[in-house]
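**Student:**
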Amino acid sequence: MRTWDSFQFTIGMPHMVPDKLSEVELLKLLGAWQWDAIARVLGCRSSKIANGDGERLYASFINVELNLPPPHGQDSFVEGDSVAGANTIAVFANKFVEGLLVFGHEAVPADVTARVKSRDDLVWLEQPWGYMTNAFVARMGSNSKLKVFEPAGLASRPAERMETLPAGIAEHQSVQATGAIADFGDGHGVPIVAQRSDPIVYPIMPESDVNGAGLLYFARFVAIMNYGERVFLSDRLERPVSSPLLSCLATERRRLYYFMNADPTDSVRIAVSASLLPRGPDAAPPLRRTLLKLLFRIDLYRGSDRVLMASSLVRKALNVPAVEKGLIAEGERLLATLRPR
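Just add 1083 to the spot in the sequence shown (first one is 1) and you have the working numbering.
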């Protein structure tokens, strides 16, 4: 039976983007709790995790899946709210970890965690959840050369162990081989045609993008993807989307697969495609109106050699405050231009 650990934090300004919880900061916290759970299993501080030769190991992310369903969406978490959750990990082949995380505005009931034994159990929940897989890696001279190792002592430690390949790692292998990412059950929508095809390039910022290990941090991949979305919508369409309206986009579902890292002096080329999805119900009526939903496919490539770094599929809702009549009008005009004629 899986062992679940509890976690809690209060949303402050450092955790936010305008008017809501930041997805990037949320992922940082979920990743930190996963790392803490790994350290507890190994019975040591995270800074002491090493292979048999004493080389420092880090938990490199293989995939991340995030679900923030209405009415518990990203913009339902605001300043001063308490976020409580529970997480559990399992070990595969002594080199990989699978993490299940359930969270919300209140503590997760024990009867909920008792029902969750795998990723497949998460998808039926009506509350927010996350799913993460990691590999233990060491840096081999640069961020473009990471090697998987078994942490010293893990084989003899008491831990939940998996006999079959974790679902996230199996999906990672499939995405890497075929490029195809499964949708979220609402299809791929109506394609949005960009008016320009020149590349979107993001220069890596060591001051904000690189973690304590000197690696491009897994949550910052999402920040870079968000940058690509913003450029696509504000600078690549026939009618640009304003920054205030862009700030109303809220993540509902994300699947993200990591393939390579990059050095702090490199850049990232961002490939973005988008489509219009059925609107569905309002996120939190009557305070906000859901004007439309978008599906983004984003691929990141290392600027120096064009190697694929990561691929993601994300569904976002445009949830506009009901009092913002001007933004609602802009959103309705946008919807009219995106609908097939």
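All C-beta atoms in this analysis are idealised placements derived from N, C-alpha and C, irrespective of residue type, glycine included.
Secondary structure at arginine 1422, three-state DSSP: helix, strand or coil?
**Tutor:** Correct three-state label for arginine 1422: coil.
**Student:** What separation, rounded to the nearest whole angstrom, lies between the Cα atoms of methionine 1288 and aspartate 1194?
**Tutor:** Rounded to whole angstroms, methionine 1288 to aspartate 1194 spans 44 Å at the Cα level.
**Student:** Using 10 angstroms around the beta-carbon of methionine 1032, count the other beta-carbons present and answer buried if the total reaches 16, otherwise exposed.
**Tutor:** Outside the displayed span of the chain (1084 to 1424) sits residue 1032, for which this structure offers no information.
**Student:** In this structure, how does DSSP classify glycine 1295 when only helix, strand and coil are distinguished?
**Tutor:** Of the three classes helix, strand and coil, the one that applies to glycine 1295 here is coil, per DSSP.
**Student:** Alpha carbon to alpha carbon, how far is valine 1161 from threonine 1093? Give it in angstroms, no decimals.
**Tutor:** Near 10 Å, if we compare the C-alpha coordinates of valine 1161 and threonine 1093.
**Student:** So is methionine 1215 buried or exposed if we call it buried at 16+ other beta carbons inside 10 Å?
**Tutor:** Label assigned to methionine 1215: buried.
**Student:** Buried or exposed for glutamate 1254, going by 16 or more other Cβ atoms inside 10 Å?
**Tutor:** Burial call: buried.
**Student:** Quick check on the burial criterion: 16 or more other C-beta atoms within 10 angstroms. Buried or exposed for glutamine 1256?
**Tutor:** Result: exposed.
**Student:** To the nearest angstrom, report how far apart aspartate 1388 and glutamate 1138 are at their CA atoms.
**Tutor:** C-alpha separation (whole angstroms): 28 Å.
**Student:** Hey, how far is the Cα of lysine 1376 from the Cα of isoleucine 1121?
**Tutor:** Going by the C-alpha atoms only, they are around 36 Å apart.
**Student:** Are the CB atoms of glutamine 1210 and valine 1180 nearer to each other than 8 Å?
**Tutor:** Their beta carbons are not under 8 Å apart, which means glutamine 1210 does not touch valine 1180 by this criterion.
**Student:** Return helix, strand or coil for lysine 1408, following the three-state DSSP convention.
**Tutor:** Helix, per DSSP.
**Student:** According to DSSP, is alanine 1263 part of a helix, a strand, or is it coil?
**Tutor:** Here alanine 1263 sits in coil by DSSP.
**Student:** Distance, Cα to Cα, proline 1444 vs threonine 1334?
**Tutor:** Missing from the structure shown is residue 1444; the chain here goes from 1084 to 1424 and no further.
**Student:** Distance, Cα to Cα, isoleucine 1264 vs lysine 1408?
**Tutor:** Rounded to the nearest angstrom, the two C-alpha atoms are 36 Å apart.
**Student:** Reducing DSSP to helix, strand and coil, say where lysine 1228 ends up.
**Tutor:** DSSP places lysine 1228 in strand when its eight states are reduced to three.
**Student:** Kindly indicate the opening and closing residues of the beta strand (DSSP E) around alanine 1277.
**Tutor:** Careful: alanine 1277 lies outside any beta strand (DSSP E) and carries neither H nor E.
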